[in-house]
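Residue numbers (our numbering): -3 to 126. Just below is one structure, and these are the notes that go with it.
Structure, rendered in structure tokens:
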């Protein structure tokens, strides 16, 4: 009678653990970077930074920073229309910080790159339109 050896299973399990742990650490780093960036963007736009960590409120404040109506928040619950609304808000935020439409596209598609640029760059927000 032979006894099965599970060394290969242990090695595969260890590799899976390493991949999972690395993924978790990278994901957490991105989340912390985005929270810090949104906090700073809110403060640079004249809003309290803590609003960046409150779900739904942060989206409402971002819409206000973009200079759009708060009713745009309702568009975010409608499939497909939410994509259009995200681009509208991104273009508005980019314009508020004196950036072009290309930067707005970046804010919508690659927020983990473009919001830190906006947050930690030299740009200042234009005054909120009345």
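Glycine is no exception: its CB is placed at the ideal position from the N, C-alpha and C atoms. None of the values given here were measured: they were computed from a predicted structure.
Just how far apart, CA to CA, sit residue i and residue j?
i: residue 108; j: residue 31; result: 10 Å
i: residue 20; j: residue 10; result: 15 Å
i: residue 49; j: residue 35; result: 8 Å
i: residue 126; j: residue 65; result: The predicted position of residue 126 is uncertain, since its pLDDT is 48 and thus under 50; a value taken from the coordinates is nonetheless stated next. In a straight line, the C-alpha of residue 126 is about 12 Å away from that of residue 65.
i: residue 106; j: residue 122; result: 23 Å
i: residue 91; j: residue 118; result: 15 Å
i: residue 72; j: residue 25; result: 26 Å
i: residue 45; j: residue 39; result: 5 Å
i: residue 59; j: residue 8; result: 47 Å
i: residue 82; j: residue 15; result: 32 Å
i: residue 41; j: residue 115; result: 10 Å
i: residue 52; j: residue 69; result: 8 Å
Residue i and residue j look like a contact to me (Cβ under 8 Å); what is the Cβ gap, rounded to whole Å?
i: residue 29; j: residue 112; result: 6 Å
i: residue 87; j: residue 100; result: 4 Å
Quick check on residue i: buried or exposed, where buried means 16 or more other Cβ atoms within 10 Å of its Cβ?
i: residue 43; result: buried
i: residue 94; result: exposed
i: residue 6; result: exposed
i: residue 85; result: buried
i: residue 61; result: buried
i: residue 89; result: buried
i: residue 22; result: exposed
Legend entry - Segments assigned alpha helix (DSSP H), at least 4 residues, entirely inside the region 31 to 115: 53 to 61, 68 to 71, 77 to 92, 97 to 105
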